[in-house]
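Everything below concerns the one structure shown next.
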Ligand SMILES: C[S@@+](CC[C@H](N)C(=O)[O-])C[C@H]1O[C@@H](n2cnc3c(N)ncnc32)[C@H](O)[C@@H]1O
């Protein structure tokens, strides 16, 4: 892909007094960090899709396993590439996502305060990672410059549809969005409910675009007297869990 060059010749500043401050190595390092950021999140995605945090959590608190031991526990995988898994885990351990135990030659991996947020039902942020690294999202980011040049939305430029219309036709993507919303809304509503007291005097509440009802069920937990109405697309409501507490 060609990059867009600025108009006119580029002037090289040779006169010392006109020259900007020399670029420091810190600036170059920052650009490298930004460049590799996208790759790092995809490596973390591989870790989550393989189920590594859950495999480690099942061993019990403080447990650690080698890459070979983790590979032997991967479901439906007769011939895992242990070397590739070890590279992935070592990289993530260097980014402080796992605890590295033992030597570089015989490393073992365990959960730490970072990777514990990738297991269980409370505060697990995997759904946020899985939506933002979903292949259709990653592909859409590649059209961001077209959003500027053509005054369009990058996701629509790629798929020909707005996000929620695309989701209607792609059940797997729709599930990824709904899992994300459940995770995101729960965290956000905890903060809203701590500070916002506007629900006190209401009798009923409607969430227009209520997704699977996460925000509503959090509100009903604190305000069970409310009659709550969830409004969303038929395919979303059809797969939504029943909300307990309050009157729906
Ligand atoms: C960002 S989510 C809302 C999350 C929800 N309010 C919560 O806090 O958990 C937006 C929702 O709007 C829904 N939506 C989009 N277009 C819609 C339409 N035309 N009719 C009904 N719902 C729609 C989507 O299906 C999606 O679930």
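Numbering (this note's numbering), first residue to last: 45 to 292. In this text, a Cβ means the ideal position worked out from N, Cα and C, and glycines have one as well.
Bounding residues of the alpha helix (DSSP H) (the contiguous stretch that carries residue i)
| i | result |
| --- | --- |
| residue 135 | 126–138 |
| residue 118 | Element bounds for residue 118: n/a, residue is neither H nor E. |
| residue 185 | 179–185 |
| residue 72 | 69–94 |
| residue 200 | 198–203 |
| residue 171 | 170–176 |
| residue 294 | Given a span of 45 to 292 for the chain in the structure shown, any question on residue 294 remains unanswerable. |
| residue 192 | 188–194 |
| residue 282 | 278–282 |
Alpha-carbon to alpha-carbon, residue j and residue i
| i | j | result |
| --- | --- | --- |
| residue 271 | residue 249 | 6 Å |
| residue 70 | residue 78 | 12 Å |
| residue 265 | residue 171 | 23 Å |
| residue 150 | residue 138 | 15 Å |
| residue 203 | residue 244 | 43 Å |
| residue 256 | residue 146 | 44 Å |
| residue 101 | residue 108 | 9 Å |
| residue 197 | residue 211 | 16 Å |
| residue 94 | residue 118 | 7 Å |
| residue 155 | residue 106 | 7 Å |
| residue 188 | residue 206 | 15 Å |
| residue 184 | residue 201 | 8 Å |
| residue 236 | residue 221 | 21 Å |
| residue 239 | residue 130 | 45 Å |
| residue 242 | residue 263 | 11 Å |
| residue 123 | residue 86 | 22 Å |
| residue 128 | residue 269 | 54 Å |
| residue 121 | residue 144 | 24 Å |
| residue 165 | residue 116 | 25 Å |
| residue 148 | residue 190 | 45 Å |
| residue 195 | residue 234 | 36 Å |
CA nearest to the CA of residue i, picked from the options
| i | options | result |
| --- | --- | --- |
| residue 91 | 114, 108, 80, 220 | 114 |
| residue 84 | 201, 232, 157, 176 | 176 |
| residue 218 | 152, 283, 252 | 283 |
| residue 88 | 108, 159, 117 | 159 |
| residue 136 | 97, 186, 212 | 97 |
| residue 276 | 252, 268, 258, 262 | 252 |
| residue 181 | 106, 232, 208 | 208 |
| residue 259 | 126, 210, 229, 165 | 229 |
| residue 167 | 274, 132, 223 | 223 |
| residue 247 | 261, 221, 267 | 267 |
| residue 112 | 101, 261, 133, 200 | 133 |
| residue 254 | 238, 273, 269 | 273 |
| residue 110 | 104, 126, 122 | 126 |
| residue 142 | 128, 81, 129, 157 | 157 |
| residue 179 | 189, 194, 199, 162 | 199 |
| residue 186 | 76, 68, 82, 72 | 82 |
| residue 215 | 278, 286, 80, 74 | 278 |
| residue 227 | 190, 169, 152, 153 | 169 |
| residue 163 | 72, 74, 104, 281 | 104 |
| residue 213 | 68, 76, 280 | 280 |
| residue 225 | 174, 193, 192 | 174 |
Span of the beta strand (DSSP E), counted from its first residue to its last, around residue i
| i | result |
| --- | --- |
| residue 154 | 152–155 |
| residue 143 | 142–145 |
| residue 272 | 271–275 |
CB contact below 9 Å: residue i versus chain C
| i | result |
| --- | --- |
| residue 151 | In the structure shown, chain C cannot be found, because there is only a single protein chain. |
Of all the beta strand (DSSP E) runs that stay within the bounds of the region 206–256, which reach a length of 3 or more residues? Correct list: 248–252.
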